[in-house]
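Below is one structure, written out as structure tokens; comments come after it.
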Amino acid sequence: MRRYPTSEEIIKSKSISIPSIGFKFNVPQFASVKETVIKIFLNDTSRGVTDHYFLLSSADLQPPFAAIVVTELPPNMRNINSAFNAVKISQERNLKGLNVAYELNPMSGPHGESLEMLIHDRVGSHCFPTADVTLLPKGINLDTIGVSRFTLIDSKLVEFSIIVVIPDDMSGSVAEDYARSKMDSFWQIIKSI
Numbered sequence: 002m003r004r005y006p007t008s009e010e011i012i013k014s015k016s017i018s019i020p021s022i023g024f025k026f027n028v029p030q031f032a033s034v035k036e037t038v039i040k041i042f043l044n045d046t047s048r049g050v051t052d053h054y055f056l057l058s059s060a061d062l063q064p065p066f067a068a069i070v071v072t073e074l075p076p077n078m079r080n081i082n083s084a085f086n087a088v089k090i091s092q093e094r095n096l097k098g099l100n101v102a103y104e105l106n107p108m109s110g111p112h113g114e115s116l117e118m119l120i121h122d123r124v125g126s127h128c129f130p131t132a133d134v135t136l137l138p139k140g141i142n143l144d145t146i147g148v149s150r151f152t153l154i155d156s157k158l159v160e161f162s163i164i165v166v167i168p169d170d171m172s173g174s175v176a177e178d179y180a181r182s183k184m185d186s187f188w189q190i191i192k193s194i
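Residue numbers (the working numbering): 2 to 194.
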């Protein structure tokens, strides 16, 4: 890890532009996080495509609790059907072996046609969100919902993922609506440049 060259400007402006991938990110503020640490990993090819990670955590060495992953797709996959089929395949692989109920549901939002996935008891990991899904350990008195949304922006597949801690007095559809409301704010922090 090394400090980003323009970190002081980012702190002042609360935004970061990454011209090499064509996006600008507004740095979100989370009431439950004392200090948001941004981790940026560009040009990762470990999944066979080029991924760019914008990760948020509460400390340098803590796993992310929120992420935006911009994936450069091969030319034949730069359409909604192919991109969303790839999402379905990768999420099935990431959930393999876990007894977890999930669905990828179509929706529309500020970036157009999208897919949404909710996973109860999900937590961040150091490979969040593109590797195997990690769940809360048994016996932990905490309720979380991982919300992921996938969309195509400028022919790039963009995944927005956030782990939401659910207040004690919420459950069921109320908790899911609460988690979605947190994502509604989060996935608007990105803009094309």
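All C-beta atoms in this analysis are idealised placements derived from N, C-alpha and C, irrespective of residue type, glycine included.
A quick note: this is a predicted structure, and the numbers were derived from the prediction, not measured.
Three-way DSSP call (helix, strand, coil) for residue i in this model
i: Y54; result: strand
i: R3; result: coil
i: F24; result: strand
i: G173; result: helix
i: R48; result: coil
i: P76; result: helix
i: E36; result: coil
i: S59; result: coil
i: S186; result: helix
i: K15; result: coil
Own chain residues within Cβ distance below 7 Å of residue i, not counting five before or after
i: S193; result: G23, F24, I154 and D155
i: D122; result: L136, L137 and T145
i: E177; result: L119 and I146
i: D185; result: none
Pairwise C-alpha distance: residue j and residue i
i: G113; j: Y179; result: 22 Å
i: E117; j: S109; result: 9 Å
i: T51; j: L74; result: 8 Å
i: S126; j: L99; result: 16 Å
i: V124; j: I141; result: 12 Å
i: W188; j: S8; result: 22 Å
i: R94; j: V134; result: 9 Å
Neighbourhood of residue i by C-beta, 8 Å cutoff - its chain only, sequence neighbours within 5 removed
i: S59; result: V34, K35, E36, T37, V38 and F66
Cβ shell of residue i (< 6 Å), same chain only, five flanking positions each side left out
i: N106; result: E117
i: L56; result: K40, P65 and A68
Residue closest to residue i, alpha-carbon to alpha-carbon, out of the options
i: V71; options: Y54, Q30 and R48; result: Y54
i: F42; options: P29, N27, S21 and F187; result: S21
i: T152; options: I120, V88 and P6; result: V88
i: D169; options: L143, R181, L158 and I190; result: L143
**Request:** Counting only runs of 4+ residues fully inside the stretch 78-153, write out the alpha helix (DSSP H) ranges in chain order.
**Result:** 81-95
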